[in-house]
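Asker: FYI, in full-length UniProt numbering the residues of the sequence shown are 1 to 462.
Built from N, CA and C at the ideal position, the CB exists for glycine as well.
Treat the numbers as computed from the prediction; the structure is a model and nothing was measured.
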Amino acid sequence: MPITNTEPPLKIAIIGAGPAGCTLARLLLLSGSIPPTSLRVYESEPSPSYRSQGGTLDLHTSTGLAVLKEAGLFDEFLSYARYDGDFLQITDHKLKVFFTHGKGSSSIPDSIEGRSGLDDQRPEIDRAALRKLLTESIPAGIITWGAHLKGISEQENQEQHAPGVTYSLHFSNLPTESGFTLVIGADGAWSKVRSTLLAPEVTPTFAGIGVFDLSIPNAATTAPEISALIKRGNLFAHREGIRVVLQQLGDGSIGVYVLHRTDSPDWASFEKAGYDTSDLEQVKHHLLKPGGILGPENGWAPLLREAIEKCDGEHHSARTLFQLPVGFKWGHTRGAALIGDAAHLMTPYAGEGVNVALEDAMRLARGIVDAVRGTGESGIGLADVLDNAVREYEGEMWKRAEKVARLTDELTRLWMFTPNTPGSVLAKTTALHVRFHTPAVMHPIATAGVYAMVWYKKLMDR
1 MPITNTEPPL
11 KIAIIGAGPA
21 GCTLARLLLL
31 SGSIPPTSLR
41 VYESEPSPSY
51 RSQGGTLDLH
61 TSTGLAVLKE
71 AGLFDEFLSY
81 ARYDGDFLQI
91 TDHKLKVFFT
101 HGKGSSSIPD
111 SIEGRSGLDD
121 QRPEIDRAAL
131 RKLLTESIPA
141 GIITWGAHLK
151 GISEQENQEQ
161 HAPGVTYSLH
171 FSNLPTESGF
181 TLVIGADGAW
191 SKVRSTLLAP
201 EVTPTFAGIG
211 VFDLSIPNAA
221 TTAPEISALI
231 KRGNLFAHRE
241 GIRVVLQQLG
251 DGSIGVYVLH
261 RTDSPDWASF
271 EKAGYDTSDL
281 EQVKHHLLKP
291 GGILGPENGW
301 APLLREAIEK
311 CDGEHHSART
321 LFQLPVGFKW
331 GHTRGAALIG
341 DAAHLMTPYA
351 GEGVNVALED
361 AMRLARGIVD
371 AVRGTGESGI
381 GLADVLDNAV
391 REYEGEMWKR
401 AEKVARLTDE
411 LTRLWMFTPN
421 TPGSVLAKTT
431 ALHVRFHTPA
441 VMHPIATAGV
451 YAMVWYKKLM
461 DR
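#1: With DSSP collapsed to three states, give me the class of Y393.
#2: Ignore the nearest five residues each way along the sequence and tell me which others in P9's own chain have a CB closer than 6 Å to its CB.
#3: Chain C beta carbons: is any one of them nearer than 8 Å to that of T408?
#4: A17: buried (16+ other C-beta within 10 angstroms of its C-beta) or exposed?
#5: Buried or exposed: where does H285 fall if 16 or more other Cβ atoms within 10 Å of its Cβ makes it buried?
#6: Suppose the cutoff is 7 Å on Cβ atoms and the five residues either side in sequence are ignored; what does the same chain contact list for I108 look like?
#7: Closest by CA to E156, which one among R261, D409, L414, S168?
#8: G297 lies in the alpha helix (DSSP H); which residues open and close that run?
#9: Buried or exposed, going by whether 16 or more other CB atoms sit within 10 Å of the CB of I15?
#10: Mind checking which residues open and close the beta strand (DSSP E) that includes V256?
#11: Alpha carbon to alpha carbon, how far is S33 from I143? Give it in angstroms, no decimals.
#12: Can you have a look at W190 and say buried or exposed, based on whether 16 or more other CB atoms are within 10 angstroms of its CB?
#13: I need the DSSP call for L118, collapsed to helix, strand or coil.
#14: Can you tell me whether DSSP reads D92 as helix, strand or coil?
#15: For the region 84-104 against the region 222-241, are there 3 or more C-beta pairs whose distance is under 8 Å?
#16: Go to K132, then tell me how far its alpha helix (DSSP H) extends in each direction, as first and last residue.
#17: Taking the C-alpha atoms as reference points, what is the distance between A343 and E297?
#18: Can you give me the Cβ contacts of E225 inside the same chain, cut-off strictly under 8 Å, excluding the 5 residues immediately before and after it?
#19: Does DSSP classify N218 as helix, strand or coil?
#20: What are the boundary residues of the beta strand (DSSP E) that includes G344?
#21: Keeping to the same chain, check which residues put their C-beta closer than 6 Å to that of D370; ignore five residues upstream and five downstream.
#22: Pull up the distance between the alpha-carbon of G331 and that of V193, whole angstroms please.
#23: Tell me which same chain residues have a C-beta within less than 8 Å of the C-beta of L57, skipping the five on either side of it?
#24: Run the CB neighbour count on T412, radius 10 Å, all protein chains shown included, and call it buried at 16 or more, exposed below.
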């Protein structure tokens with residue numbers, strides 16, 4: 001009597017509808033090899049616009065932009081992209097300029113003609129716009145919003161000729177969903193998939209940094225001098241242990257982010273702060289008062305203090321930065337995988353996080369699709385082929401993510417935990433970025449070039 005393959009049918013759950021999770025879902029469905037009935041995405045937030053999604057993102061040619069092109073979303077992306085957002089100034093707290101990149105613009109561009117290629121492009125897109133683009137690219141019914149996952153349980157397949165496992169997802173507000181052959185954690189810093197299935201002993205560690213996330217609405221009208229200062233781009237102002245970021249957003253607002261060293265992960269609680277950090281007026285008062293982070297006695301430029309005064313609106317928060325260990329790995333578990341922050345949470349100092357996450361999604365999607373398409377030819381069951389694909393993805397991703405995490409860790413230490421920034425660290429941080437993007441054989445030449453450039457600028461500034 002012939003042996004019957006009684007493997008469970010392919011059923012994939014993606015936990016998290018952020019950029020990584022939505023990109024993965026989009027790529028799987030676009031392949032035509034994963035039918036909509038075999039894929040579900042679960043997101044704890046009730047809608048894509050439930051909360052402020054943060055600032056703007058710099059998508060890179062070989063990662064973020066290439067992924068959007070593979071997902072068939074590049075042309076639509078152009079309608080959101082801002083190519084005038086590449087202007088960057090690095091200054092001290094008195095607005096003395098140490099580094100400038102790009103020309104910037106004092107007005108909103110009226111055309112995106114000639115921007116359809118990928119060569120040497122690093123356009124900016126607001127986080128909210130990227131999420132909108134990605135979620136709207138997924139057919140209705142795939143994403144379940146407001147799904148609060150509380151646990152994951154495993155069931156072994158008892159059939160002799162089809163060993164393996166399936167998973168059930170248990171929600172606090174929805175019925176249990178069962179029969180998943182692959183559960184992918186795209187659920188961020190505090191990933192339930194990671195803590196339940198892959199690395200329950202590992203939790204993100206406190207990075208020693210707190211962030212006030214504020215906004216100046218309609219900045220060209222409400223804060224014209226500040227708007228002119230950043231030229232529709234970005235300004236990073238530094239004082240030891242403090243970074244103030246002014247960042248143009250696509251909706252006309254300017255994001256104002258005050259990053260500061262702190263000893264406690266609970267720094268924003270009323271007990272630690274001594275005031276309500278969810279109250280914007282109280283936040284502004286405590287930032288600007290004598291003894292505050294931007295207190296008058298510390299010599300902060302009037303325009304930077306004015307930027308705090310001009311902040312308004314509903315979208316503001318106080319949060320803490322966390323990170324996973326550099327080189328973090330986990331023991332492989334059949335039927336489970338991680339992408340994005342769930343796999344390699346970092347601080348934002350390298351500007352690579354979303355690019356790495358999108359590349360995770362692309363590489364894992366390719367592996368899953370190839371596994372499904374090749375199952376009939378290989379003579380091996382789908383569960384085994386899929387498991388091999390996840391193993392290969394993990395090995396590649398761990399190496400790639402470790403390189404980025406190491407860069408991020410070094411940049412965080414230099415920018416936030418080194419005296420006399422930015423002057424004391426500009427050459428080192430620039431050299432780190434250059435070495436990251438060049439072959440190892442070129443590192444000595446690249447490093448020497450960076451230090452020569454910084455030395456020459458100092459000479460010219462005398």
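Answerer: On the basis of the data shown:
#1: Reading the sequence shown from its first residue, position 393 is the one you call residue 393. Residue state, collapsed to three classes: helix.
#2: Within the sequence shown, the letter at position 9 stands for residue 9. Closer than 6 Å at the Cβ level, and outside the excluded window around P9, lies no residue.
#3: The chain labelled as chain C is not found in the depicted structure, where only one protein chain is given.
#4: Within the sequence shown, numbered from 1, the residue matching residue 17 stands at position 17. By the Cβ neighbour-count rule, A17 is buried, with 16 or more other Cβ atoms within 10 Å of its own.
#5: Taking the sequence shown and counting its residues from 1, the one referred to as residue 285 is at position 285. With fewer than 16 Cβ atoms within 10 Å of its Cβ, H285 is classed as exposed.
#6: The residue given as residue 108 occupies position 108 in the sequence shown. With a pLDDT of only 45 at I108, under 50, the local geometry of the prediction cannot be trusted, and the value read off the model is given with reservation. Closer than 7 Å at the Cβ level, and outside the excluded window around I108, lies no residue.
#7: The residue you call residue 156 lines up with position 156 of the sequence shown. The candidate whose alpha carbon is nearest that of E156 is S168.
#8: Stepping through the sequence shown from its first residue, residue 297 is reached at position 297. At residue 297 the sequence reads Glu, which differs from the Gly that was named. For E297, there is no enclosing alpha helix (DSSP H), as DSSP marks it with neither H nor E.
#9: Walking along the sequence shown from the start, residue 15 turns up at place 15. I15 counts as buried, since no fewer than 16 other beta carbons sit within 10 angstroms of its beta carbon.
#10: The count along the sequence shown starts at 1 and reaches residue 256 at position 256. Under the DSSP assignment, V256 falls in the beta strand (DSSP E) whose first and last residues are 254-261.
#11: Against the sequence shown, residue 143 aligns to sequence position 143. Against the sequence shown, residue 33 aligns to sequence position 33. Looking at the two C-alpha atoms, the distance is approximately 19 Å.
#12: Here the question's residue 190 lines up with position 190 in the sequence shown. W190 is exposed by the Cβ-count criterion.
#13: For this step, residue 118 is matched to residue 118 along the sequence shown. Reliability of the predicted coordinates at L118 is poor, the pLDDT of 43 falling under 50, and no value is obtained from them.
#14: Here residue 92 refers to the residue found at position 92 of the sequence shown. For D92, the three-state secondary structure derived from DSSP is strand.
#15: Cβ pair count under 8 Å is three or more, so yes.
#16: The residue you call residue 132 lines up with position 132 of the sequence shown. Looking at the DSSP string, the run of the alpha helix (DSSP H) that includes K132 is 127-135.
#17: Here the question's residue 343 lines up with position 343 in the sequence shown. Here the question's residue 297 lines up with position 297 in the sequence shown. Take the alpha-carbon of A343 and the one of E297: they are about 42 Å apart.
#18: One-based indexing of the sequence shown puts residue 225 at position 225. Result list for E225: L303, E306, in chain order.
#19: Within the sequence shown, numbered from 1, the residue matching residue 218 stands at position 218. In the three-state reduction of the DSSP assignment, N218 falls in the coil class.
#20: Within the sequence shown, residue 344 is the residue found at index 344, counting from 1. The residue you asked about is not Gly; residue 344 is His in the sequence shown. Element bounds for H344: not the beta strand (DSSP E) but the alpha helix (DSSP H), 341-344.
#21: Locating residue 370 in the sequence shown gives position 370, where the first residue counts as 1. Beyond the five residues adjoining it in sequence on each side, D370 comes within less than 6 Å, by CB distance, of no other residue in the same chain.
#22: On the sequence shown, position 331 is the one that residue 331 refers to. On the sequence shown, position 193 is the one that residue 193 refers to. Those two C-alpha atoms are separated by around 13 Å.
#23: Against the sequence shown, residue 57 aligns to sequence position 57. Cβ contact annotation for L57 (same chain, cutoff 8 Å, sequence separation greater than five): G64, E124, I125, D126, R127, L130, V354, in chain order.
#24: Your numbering for residue 412 matches position 412 in the sequence shown. The residue in question, T412, is buried, as its Cβ has 16 or more Cβ neighbours within 10 Å.
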